[in-house]
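Trainee: Protein sequence lines, in the order shown, are assigned to chains A and B. Start counting the first sequence at 1; every next residue gets the next number (my numbering). Start counting the second sequence at 1; every next residue gets the next number (my numbering).
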Amino acid sequence: MGFGPFVNRQSKIVNPMIISHNEIVVACLKAFEALELPLGQREDAAEAIGWLALHGLPFEDQLATALHSFQPKSVFANPISQSGQESVWDAQGGSALHIFPNLADYAAAQARVHNSHTLSVRNLTDFGVMWPYITKIQQRQQWVKLIWKNGADADMVAVGLPDSPLPKVSWLMGDGAERDVQLIVAQPGFGLGEDDNEIGQIIRVDSGSGLAQNASDRFKSGILINPSLWQQLKQIGLGILVEATAESEQRGAGGV
Amino acid sequence: METKTPLRPPEQVMKLSRLGAFHQTRISFVRSLLRKVMAENWQIERTGWDLNAGGFGTAVYTLSVPIQPEPEQYSVVFFSNDIPDEKRTDRVIAEEWDVAFVLCEGIVTEEQVEELRANVPKQEVGRYLPYVLVLSRANKSTRNFSAVLDALSAGKQPDPAQLAKVGYLYRTTAVYGNGKFGIADFAKLQQTQAFDVTFRAQMFAVWMVRQFSLDQVNYLAKLKNPSGAVELDGEIARYLGVGNATGLGMAPFIVSHPALLHQWVNTREKALGLVLHSGRCSAEIAARFETLLLRARQHVAEIETIHELQEKKNRMMLAELSDLIDQRLPIPPNTNWHDVLAWVAEDSAECQEVIVSILLELYPDLVNPLAEELNCQESYDLRPEQPLAELKKVIAQNYSWALEIDFTQRPNNQWFWYSSADKEEPRLGNRYEEEGQEKERPLTMARDITCMFMGIQAFLDHSPQATVIDYLMAHPAERGLIRRIQSLSEKPYAEIQDNLIAADCLPIDLLRCKLSFFGASKFDPRSNLWVRITLFQGAPLVSDIGKPFADDWFWPVSPAAK
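Take a look at the structure:
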């Protein structure tokens with residue numbers, strides 16, 4: 001599932017409700033735990049959704065798809081080919097929420113040894129949530145570029161410069177060709193600049209400073225979310241709760 | 001200022017029994033808040049008072065923080081409710097409270113007050129907008145409130161001896177911040193000058209419910225006997241703080257925010273190190289030490305608790321403080337503070353931590369600035385390229401306390417922490433007797449690390465050159481644990497060095513640790529799972545703003561004892 005260019009998600013929500021950044025992260029944590037995503041991965045996933053929401057980027061479609069189609073048992077991506085500077089993986093339809101953090105860290109580790117690494121992933125779902133992971137890589141002082149197909153006619157390129165807090169994200173008119181998700185990580189001096197977008201015509205850019213302003217605005221005013229998605233998220237999160245009994249009420253928390 | 005005195009080792013400080021013996025200090029949140037309020041001359045005004053003859057209704061206080069170029073303005077709105085006695089409980093599962101209140105950004109409009117009225121009394125079930133900064137509620141200590149009201153309306157001051165037993169009129173049972181239920185994230189408060197330090201906004205809201213409680217009881221006394229009632233004497237009013245009931249909900253916080261815990265404990269230990277290294281004991285300081293020690297003993301003697309173990313600890317602490325007073329006071333000028341700590345080295349942790357708190361109290365110029373270092377930008381990042389053998393060494397060094405525990409022994413694996421479907425109340429279950437452990441909360445650090453350590457050893461046996469990411473690609477579920485270990489490797493005070501699922505684990509020790517940083521006193525465990533404390537006892541009143549302030553309300557004692 002992708003999202004088209006120039007989509008201002010905030011204005012398309014009917015009767016949105018306002019939530020805080022902390023709320024969406026915690027709600028996602030609970031929901032992903034209920035969906036059996038292990039600790040560490042669910043923290044990464046919740047932070048990723050929270051990051052998208054906070055920076056004014058489309059997150060609802062990604063979240064809705066993830067909640068609907070998440071398969072907790074599809075844990076691994078199988079390697080198709082691996083070398084120091086390149087690798088190709090088959091995610092077997094698995095969710096990026098589950099698979100991408102470790103793959104991204106794998107690419108980053110390879111880049112440290114071999115100066116750069118290009119990682120391609122096939123059959124990955126929910127890849128819209130991958131953007132936040134590249135901020136972790138760039139904050140570790142590596143150059144990073146993420147390319148993925150965003151719907152039929154658009155491509156996305158996110159480029160993060162070393163030691164910068166936020167990436168620049170470009171929305172491009174795609175050429176319609178099928179494309180793997182591609183992550184390129186490089187040591188400083190071996191990557192390219194922020195403006196390296198060779199795929200096609202740029203139709204929108206979210207700069208690092210623009211994203212930062214979005215975050216500041218959302219801390220002040222809150223994050224808009226579709227109420228039914230929020231209810232769905234909360235409902236799923238109830239799965240981590242243990243049924244209460246009269247006995248547990250008496251002995252489980254004190255206050256007696 | 002660099003301290004050359006080594007800090008106390010984490011093996012000593014991070015044991016649960018030690019953390020559960022911490023007392024408040026001058027870097028506690030309530031202390032730093034009120035220093036700021038008094039130094040900056042915050043302007044607080046009661047601008048709305050719409051209470052009926054029973055004391056129920058709405059009250060509004062406004063705050064103006066005089067900074068340049070424009071003052072920051074806030075409001076605190078109280079909704080006081082008439083609830084039946086049987087509905088009054090400190091538990092998370094409560095649905096009604098004597099007073100529900102919020103701290104808001106800006107001066108609230110009538111429209112906002114109506115919006116708040118519809119939601120604040122519902123607490124967790126309500127929804128809030130980001131102009132709300134703190135959401136809280138409190139219940140009356142009904143016996144105390146009635147006693148104080150009766151006395152004032154009869155033209156008398158309340159009995160200080162009674163107030164020494166329960167030193168508050170209201171008791172908060174939850175104080176929410178940081179984005180809960182739609183209120184503002186802490187990141188928003190970090191852009192303010194008033195509330196940019198962690199928990200400062202929450203402590204301010206609690207200080208204001210104390211003010212509300214005093215105003216309310218004075219108001220009701222006047223209504224009851226217009227011609228004969230008196231207002232609370234200032235000294236007695238200051239002795240009344242705010243109670244708080246804290247249960248298991250607070251416990252997971254310091255486990256799931258280890259970098260923050262390290263920041264707090266490290267700052268406290270750094271303060272102690274500074275005092276030990278640089279704190280000269282002049283004649284004046286020696287006299288002050290004596291004053292505080294005598295006051296501490298009196299304060300401890302006034303603590304009442306029903307908890308057998310705590311009562312035993314208090315009696316021991318009292319005896320040890322008395323011995324110290326009898327044998328060592330007065331201390332001469334130029335006393336070495338290392339020697340003072342050595343005097344109590346064989347005493348209980350409670351007594352030792354009293355001395356630590358007193359030492360920090362003696363040097364405001366050295367210690368006060370550290371109160372601004374309690375924030376922490378928490379970030380837990382993975383280092384995928386780290387050699388796995390190196391990670392194994394880190395675990396062996398930093399988690400040796402965990403690796404020594406035998407988890408095949410049932411008592412070491414007894415409890416599981418969980419969230420109940422009953423309003424998500426945190427509870428403790430017995431793994432061998434109760435259902436629900438498949439939904440166990442992640443407070444099983446020691447057990448999980450021990451298990452993973454064995455897995456790492458086995459992996460290294462066939463891949464000695466492996467990196468962390470090699471291991472994680474084969475064991476993706478351990479990402480969280482490895483990230484935690486790596487992120488905390490240089491933070492010695494991050495991990496509680498005890499097994500939190502052991503039969504002998506006392507959750508109240510976890511609660512006390514965090515509460516001591518808030519500035520709590522009069523720890524009164526009601527069971528092993530929850531505790532009552534007092535905040536702001538002895539603290540200045542709103543009416544004291546603008547007057548000389550000695551910042552000397554540490555270890556408050558009953559006015560009757562003075």
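Each residue gets a CB set at the ideal place from its N, CA and C atoms; glycine is no exception. Keep in mind it's a predicted model, so treat the numbers as computed, not measured.
PRO384(B) touches chain A at which residues, Cβ-Cβ below 7 Å?
Mentor: In the second sequence, the residue the question calls residue 384(B) occupies position 384. For PRO384(B), the chain A residues whose Cβ falls inside 7 Å of its Cβ are ASP105, TYR106, ALA108 and ALA109, in order along the chain.
Trainee: Can you tell me where the beta strand (DSSP E) with ARG140(A) in it begins and where it stops?
Mentor: By one-based count along the first sequence, residue 140(A) stands at place 140. Where ARG140(A) is concerned, there is no enclosing beta strand (DSSP E), because DSSP gives it neither an H nor an E.
Trainee: Since LYS168(A) sits in a beta bridge, which residues does DSSP pair it with?
Mentor: The sequence position of residue 168(A) within the first sequence is 168, counting from 1. In the DSSP output, where bridge partners are listed per residue, LYS168(A) has VAL159(A).
Trainee: Name the residue from ALA109(A), ARG218(A), ALA66(A) and ILE223(A) whose alpha carbon lies nearest to the alpha carbon of ALA34(A).
Mentor: Against the first sequence, residue 34(A) aligns to sequence position 34. Here the closest residue by C-alpha is ALA66(A).
Trainee: Determine which residues share a DSSP beta bridge with LEU214(B) and list them.
Mentor: Along the second sequence, read from residue 1 onward, the residue named residue 214(B) stands at position 214. BP columns for LEU214(B) are empty, so no partner.
Trainee: The segment 203-233 of chain A: which residues have C-beta closer than 7 Å to a C-beta of chain B, in chain order?
Mentor: PHE219, LYS220, SER221 and GLY222
Trainee: Locate the beta strand (DSSP E) running through GLU95(B), then write down its first and last residues.
Mentor: Counting from one through the second sequence, the residue named residue 95(B) turns up at place 95. According to the DSSP assignment, GLU95(B) belongs to no beta strand (DSSP E), since it is labelled neither H nor E.
Trainee: When DSSP labels each residue in this structure, what does CYS281(B) get in the three-state scheme?
Mentor: In the second sequence, the residue the question calls residue 281(B) occupies position 281. Coil at CYS281(B), not helix or strand.
Trainee: On the DSSP letters alone, give me the boundaries of the beta strand (DSSP E) that TRP89(A) sits inside.
Mentor: Along the first sequence, read from residue 1 onward, the residue named residue 89(A) stands at position 89. TRP89(A) -> beta strand (DSSP E) spans 86-90.
Trainee: Cβ of ALA96(A) within 8 Å of Cβ of THR125(A)?
Mentor: Walking along the first sequence from the start, residue 96(A) turns up at place 96. Walking along the first sequence from the start, residue 125(A) turns up at place 125. Going by C-beta atoms, ALA96(A) is nearer than 8 Å to THR125(A).
Trainee: If you reduce the DSSP assignment to three classes, tell me which class ILE202(A) lands in.
Mentor: The residue labelled residue 202(A) in the question sits at position 202 within the first sequence. ILE202(A): strand per DSSP, three-state reduction.
Trainee: So with CB distances below 7 Å, who are the chain B contacts of ALA244(A)?
Mentor: For the purposes of this step, residue 244(A) is taken as the residue at position 244 of the first sequence. Below the 7 Å Cβ cutoff, chain B contributes SER420, ALA421 and ASP422 as neighbours of ALA244(A), in chain order.
Trainee: Are the beta-carbon atoms of LYS60(B) and PHE101(B) separated by less than 8 Å?
Mentor: Taking the first residue of the second sequence as 1, we reach residue 60(B) at position 60. Taking the first residue of the second sequence as 1, we reach residue 101(B) at position 101. First, the amino acid is wrong: residue 60(B) is Val here, not Lys. For VAL60(B) and PHE101(B), no; Cβs fall outside 8 Å.
Trainee: Would you verify that the beta carbon of GLU43(A) is, or is not, closer than 8 Å to some beta carbon of chain D?
Mentor: Reference to chain D is not applicable here, since the protein chains of this structure are A and B.
Trainee: Can you find at least 3 beta carbon pairs, one from the segment 388-402 of chain B and one from the segment 321-332 of chain B, that sit closer than 8 Å?
Mentor: no
Trainee: Quick check: GLN386(B) and GLN486(B), are their CB atoms within less than 8 Å of each other?
Mentor: For the purposes of this step, residue 386(B) is identified with residue 386 of the second sequence, where counting begins at 1. For the purposes of this step, residue 486(B) is identified with residue 486 of the second sequence, where counting begins at 1. Closer than 8 Å, so yes.
Trainee: Hey, quick one: how far does the beta strand (DSSP E) through LYS522(B) stretch, first residue to last?
Mentor: Position 522 of the second sequence holds residue 522(B). Taken as a continuous stretch (DSSP letters only), the beta strand (DSSP E) holding LYS522(B) covers 521-525.
Trainee: Closer than 9 Å, Cβ to any Cβ of chain A: which residues of the segment 459-470 of chain B, in chain order?
Mentor: THR467, VAL468, ILE469 and ASP470
Trainee: Rank LEU370(B), VAL354(B) and TYR170(B) by C-alpha distance to the C-alpha of GLN537(B) and give the top, closest one.
Mentor: Against the second sequence, residue 537(B) aligns to sequence position 537. Out of LEU370(B), VAL354(B) and TYR170(B), TYR170(B) has the C-alpha closest to the C-alpha of GLN537(B).
Trainee: Between the C-alpha atoms of LEU360(B) and GLN24(B), what's the straight-line distance to the nearest angstrom?
Mentor: Position 360 of the second sequence, counted from the first residue, corresponds to residue 360(B). Position 24 of the second sequence, counted from the first residue, corresponds to residue 24(B). Taking the straight line from one Cα to the other gives about 10 Å.
Trainee: At which residues does the alpha helix (DSSP H) containing PRO9(B) begin and terminate?
Mentor: Taking the first residue of the second sequence as position 1, residue 9(B) is located at position 9. Here PRO9(B) belongs to no alpha helix (DSSP H), and DSSP marks it neither H nor E.
Trainee: Roughly how many angstroms lie between the CA atoms of LEU563(B) and GLY222(A), to the nearest whole one?
Mentor: Since the first and last residues shown for chain B are 1 and 562, residue 563(B) lies out of range.
Trainee: If I measure Cβ to Cβ from GLY160(A) and keep anything under 6 Å in the same chain, skipping five residues before and after, which residues do I get?
Mentor: Position 160 of the first sequence, counted from the first residue, corresponds to residue 160(A). These residues qualify, in order along the chain: ILE134, GLN138, VAL144 and PRO167.
Trainee: Applying a beta-carbon distance threshold of less than 9 Å, which residues of chain B neighbour HIS21(A)?
Mentor: In the first sequence, counting from the first residue as 1, residue 21(A) sits at position 21. Within chain B, the residues near HIS21(A) are GLY179, ASP185 and ALA187.
Trainee: Could you give the first and the last residue of the continuous alpha helix (DSSP H) run that contains PRO227(A)?
Mentor: Within the first sequence, residue 227(A) is the residue found at index 227, counting from 1. Element bounds for PRO227(A): 227-237.
Trainee: What are the residues that DSSP puts in a beta bridge with VAL242(A)?
Mentor: Walking along the first sequence from the start, residue 242(A) turns up at place 242. Its beta-bridge partners are SER420(B).
Trainee: Compile a chain-ordered list of the residues in the segment 477-493 of chain B whose CB is closer than 9 Å to at least one CB of chain A.
Mentor: ALA477, GLU478, ARG479, GLY480, LEU481, ILE482, ARG483 and ARG484
Trainee: Rounded to a whole number of angstroms, what is the C-alpha to C-alpha distance between ALA247(B) and ARG91(B)?
Mentor: By one-based count along the second sequence, residue 247(B) stands at place 247. By one-based count along the second sequence, residue 91(B) stands at place 91. Per the sequence presented here, residue 247(B) reads as Gly, with Ala not at that position. If I take the Cα positions, the gap works out to 8 Å.
Trainee: In chain order, which beta strand (DSSP E) runs of at least 3 residues are fully inside the segment 161-245 of chain B?
Mentor: Runs of the beta strand (DSSP E) inside the segment 161-245 of chain B: 168-176.
Trainee: Check the Cβ of PRO165(A) against every Cβ in chain B and list those closer than 7 Å, keeping chain order.
Mentor: As a first step, residue 165(A) is located in the first sequence; it is residue number 165 there, counting from the start. The premise fails here: PRO165(A) is roughly 12 Å from chain B at the closest Cβ pair, so nothing lies under 7 Å.
Trainee: When the Cα atoms are used, what is the spatial distance from LEU33(B) to ASN214(A)?
Mentor: As a working note, residue 33(B) is residue 33 in the second sequence. As a working note, residue 214(A) is residue 214 in the first sequence. The alpha-carbon atoms of LEU33(B) and ASN214(A) are separated by roughly 31 Å.
Trainee: With distance defined between alpha-carbon atoms, name the residue in THR118(A), GLY191(A), GLY210(A) and PHE190(A) nearest to SER170(A).
Mentor: Residue numbering aside, residue 170(A) sits at position 170 when the first sequence is read from its first letter. Considering only alpha carbons, the answer is GLY210(A).
Trainee: I'd like to check one pair, VAL30(B) with MET203(B): are the Cβ atoms closer than 8 Å?
Mentor: Numbered from 1 along the second sequence, position 203 holds the residue referred to as residue 203(B). Numbered from 1 along the second sequence, position 30 holds the residue referred to as residue 30(B). Yes, the pair counts as a contact, with Cβ atoms nearer than the cut-off.
Trainee: Give, in chain order, every unbroken run of the alpha helix (DSSP H) that is at least 4 residues long and sits entirely within the segment 37-103 of chain B.
Mentor: none
Trainee: Considering Cα atoms alone, identify which of ALA251(B), THR192(B) and PHE145(B) is closest to ASP215(B).
Mentor: Along the second sequence, one-based indexing puts residue 215(B) at 215. Residue PHE145(B) is the option with its Cα nearest to ASP215(B).
Trainee: According to the Cβ coordinates, are ARG431(B) and GLN414(B) closer than 8 Å?
Mentor: As a working note, residue 431(B) is residue 431 in the second sequence. As a working note, residue 414(B) is residue 414 in the second sequence. Taking 8 Å as the cut-off, the beta carbon of ARG431(B) is found closer than this to the beta carbon of GLN414(B).
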